[in-house]
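K.L.:
Mapped onto the working numbering, the consecutive letters of the sequence shown carry residue numbers 22 to 269.
Note that CB positions come from ideal geometry on N, CA and C, so glycine has one too.
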Amino acid sequence: MQIFGVDIGGSGIKGAPVDLDRGELVQERFKVLTPHPATPESVADGVKEVVGHFGWTGPVGITFPGVVTGGSTIRTAANVDKSWIDTDARALFGERLGGLPVTLLNDADAAGVAEMRFGAGRDRRGTVIMLTLGTGIGSALFTDGALVPNTELGHLELNGHDAEKRASTKAKEDHELSWEQWANRVQKYLAHVEMLFSPELFVIGGGVSRKSHKFLPLIKGIAAEIVPAQLQNNAGIVGAAMRAADAR
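1. Cα separation between residue 150 and residue 163?
2. If you draw a straight line from the alpha carbon of residue 201 to that of residue 268, how long is it in whole angstroms?
3. Rounded to whole angstroms, what is the Cα-Cα separation between residue 194 and residue 153?
4. Among the candidates 148, 228, 126, whose CA atom is the shortest distance from the CA of residue 96?
5. Could you compute how far the alpha carbon of residue 177 sits from the alpha carbon of residue 184?
6. Have a look at the DSSP bridge pairing and note the partners of residue 160.
7. Go ahead and label residue 238 buried or exposed: buried means 16 or more other beta carbons lie within 10 angstroms of its beta carbon, across all protein chains shown.
8. Mapping DSSP to helix, strand and coil, what is residue 240?
9. By the three-class DSSP mapping on this structure, what secondary structure does residue 45 have?
10. Hey, quick one: how far does the alpha helix (DSSP H) through residue 215 stretch, first residue to last?
11. Name the residue from 209, 32, 22 whose alpha carbon lies nearest to the alpha carbon of residue 80.
12. For residue 247, name the three-state secondary structure that DSSP assigns.
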């Protein structure tokens, strides 16, 4: 079965049809830049462009970089325009896509769902935490395979700041940190999360996961196993499509 997935991020909106038997993209993903300001109308236009690129006419799963309640309402907007808060995003996207069935969920939750079925978390029990390092830090928490949605652990306080302001990929770029310097910040963040949740496994996703060999070996003192996401930056697309399929 094929379903379309769209992953909205702080820097890009990307999507593709997904083969849900294999957890793989059927075609090369298409990406547009996230508009600035990232208002509901402008982001919806970007989603329409991505879906329209493939001429897709079926169900669409869409991720959002913030808390999504009831599968529709946006409650936080850390890395997009604040006008998203309280928006009925499912209705907005559905209207913009000409009435196509739309399913909506948090972006890191989508990535985590995909990794738990097809990737690094497959067949893993106990507590597993997926962290997506990018413009911010997204999180997905699982206990014996069940998702606890909208955890938003990137906003834990670390050294007096939102953790994502210190340990995201954007923070590395903004502060021109070396891999060693950034790995030290990520290590402190993981230690804090581990103290709170005692996971058996951390799965590190986001675009930087394809460069995991440059920083994961530098992280020390964490009891949990730490592995890169196997689906890398496609995990959100796959997870969005999975959720849309479940909603049919």
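P.N.:
Reading off the structure:
1. A direct Cα-Cα distance of roughly 6 angstroms separates residue 150 from residue 163.
2. Each residue's alpha carbon lies about 43 angstroms from the other.
3. If I take the Cα positions, the gap works out to 16 angstroms.
4. If we check each option's Cα against that of residue 96, 126 comes out closest.
5. CA-to-CA, the gap between residue 177 and residue 184 works out to about 6 angstroms.
6. Within the DSSP secondary-structure output, residue 160 pairs in a beta bridge with 152.
7. Classification of residue 238: exposed, given that the 10 Å Cβ count is below 16.
8. Here residue 240 sits in coil by DSSP.
9. Looking at residue 45 - three-state DSSP - the assignment turns out to be strand.
10. Boundaries of the alpha helix (DSSP H) harbouring residue 215: 200-218, taken from the DSSP string.
11. Here the closest residue by C-alpha is 22.
12. The answer is strand: DSSP assigns residue 247 an E or B state.
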